[in-house]
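Right, one structure below, let's go through it.
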Amino acid sequence: MSQKSSLHRTIEILKHLNEGKKLCLPRLALEYEVSERTIRRDFELIRELFGDFMSKEGACYRAYKKVLLDEVLHATDLMTLANIVNLFGVTQKQSLISDNTKALIKKSMSVYDFKSRPFESMTNHEVVKKLEHAIKFHKEIKLRYKTERATSHSLFEPYKILFLNENFYLVGINASKNNVEYRRITMIEEVSYTKKSFFIESEVADFFATLQTPWASFGKENIVVKLRIEVPIRRYFMKKKYLPSQEIVHTFDNGDIEVHYTITNPREIEELIIKWLPRVRIIAPRNLSKMIKRTLKKKMEGL
């Protein structure tokens, strides 16, 4: 068999796992004409995207549950697959997704329809491929990054590509400034490799693993925001976590609830509070109320 793309290979492996097949590294490496190490990374990617649903027996893997339904994908699975499809540009004519997978997506979309798309249009596919390679092998890169205001160049140690607030971000360390930073993927114009590699800093990796929003600040002390949510809107907070750290800690006598969020930057919670005013009150920290008032004043002045 001729060598296929990593995306095509990974999707085929996922399909075989769902079929209950026992998949062994040596045989897959021979079939796809790649190293066993490459196949092992494919399994790691599948586990990272879909959770721990496989058991490992020596050099072989077998799924003990399906991540995708036989007939229709769950909404979460469909979202995940849609993001992968969009990120790697496989909706193009040269799509590498199998006919069976295409049919599964089409059938699922007869049940689900996402009016607010959870992904932006990705057209710089060559950039994404280089970023993926650099992340996998811990390679330092040179970035040309263009915003509406300016074009900048920097050395960057890429850790992950994250999906946050309906956008894809490259996150890592700006080696030119030694800062933890975010870069919108669509604004990266050019990527090239340097001859340097880097070691993953556990503190930085842990920060990205628990990241909630693009406004989180590395190295800052946690801030516990305490909100009182009034009865008319409390059901929304009881049914949905607006941030992963959301925790309902108390119910008041009148039915209001107290909700806590752990953040590193007030901007992480600002829009959520403004959205639910006046049915939400800030219990702590007190200075957050002043910040919200300043933000509202600026919004009103801009009308």
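Numbering-wise, this note's numbering puts 85 at position 85 of the sequence shown, and it's gapless, one number per residue. All C-beta atoms, glycine included, are put in the ideal place defined by N, C-alpha and C.
field: Reduced DSSP category for F43 - H, G, I as helix; E, B as strand; rest coil
entry: helix
- prompt: Can you tell which of F199, L28, I282 has the C-alpha that lies nearest to the C-alpha of F137?
  reply: F199
- prompt: For the alpha helix (DSSP H) that T295 lies in, which residues bound it at each end?
  reply: 287-301
query: Distance, Cα to Cα, S176 vs K142?
result: 10 Å
For L131, the first and last residue of its enclosing alpha helix (DSSP H): 125-137
task: Could you spell out where the beta strand (DSSP E) holding P347 opens and where it closes?
output: With the chain running from 1 to 303 in the structure shown, residue 347 is simply not present.
- prompt: Is the stretch 260-272 in contact with the stretch 213-233, if contact means three or more CB pairs nearer than 8 Å?
  reply: yes
query: Can you name, in chain order, every residue of its own chain whose Cβ lies under 6 Å from the Cβ of V128, other than the five neighbours on each side?
result: none
- prompt: Got a sec, what are the start and stop residues for the beta strand (DSSP E) E57 sits in?
  reply: 54-57
- request: Indicate the three-state DSSP secondary structure (helix, strand or coil) for V90 in the structure shown.
  value: With a pLDDT of only 43 at V90, under the threshold of 50, the placement of this residue in the model should not be trusted, and no figure is reported.
query: V262 by DSSP, collapsed to three states: which one?
result: Per the sequence presented here, residue 262 reads as Thr, with Val not at that position. Here T262 sits in strand by DSSP.
query: Are E203 and R228 touching if we call contact CB-CB under 8 Å?
result: no
task: Just the C-alpha distance for L272 and E19, rounded to the nearest angstrom, thanks.
output: 42 Å
message: Taking 8 Å as the limit between beta carbons, can you name the residues of its chain near F237, skipping five residues before and five after?
response: I229, Q246, I248, I257, V259
Residue from P158, R144, T295, V225 whose Cα sits closest to the Cα of Y261: V225
- request: Return the residue from the list K22, R47, A59 that minimises the CA-CA distance to R37.
  value: A59
message: For S289 and K299, what's the separation of their Cα atoms in angstroms?
response: 15 Å
message: Using CA atoms only, rank isn't needed, just tell me which of K146, K139, I13, I223 is closest to A63.
response: I13
- prompt: Does the Cβ-Cβ distance between R183 and L164 come in under 8 Å?
  reply: no
message: Mapping the DSSP letters down to three states, classify V231 as helix, strand or coil.
response: helix
- prompt: Residues bridged to A63 by DSSP?
  reply: M54
- prompt: So Y145 packs on F208, CB below 8 Å; how close in whole Å?
  reply: Y145 to F208, Cβ: 19 Å. No contact.
task: Have a look at H8 and A284 and give me their C-alpha separation to the nearest angstrom.
output: 50 Å
Where H16 falls: helix, strand or coil (DSSP): helix
query: Along the chain, where does the beta strand (DSSP E) that runs through S192 open and close?
result: 188-197
message: Our contact map puts R304 next to P232 with C-beta atoms below 8 Å; I'd like the distance itself, whole angstroms only.
response: Because the chain in this structure spans residues 1 to 303, residue 304 falls outside the shown range and cannot be described.
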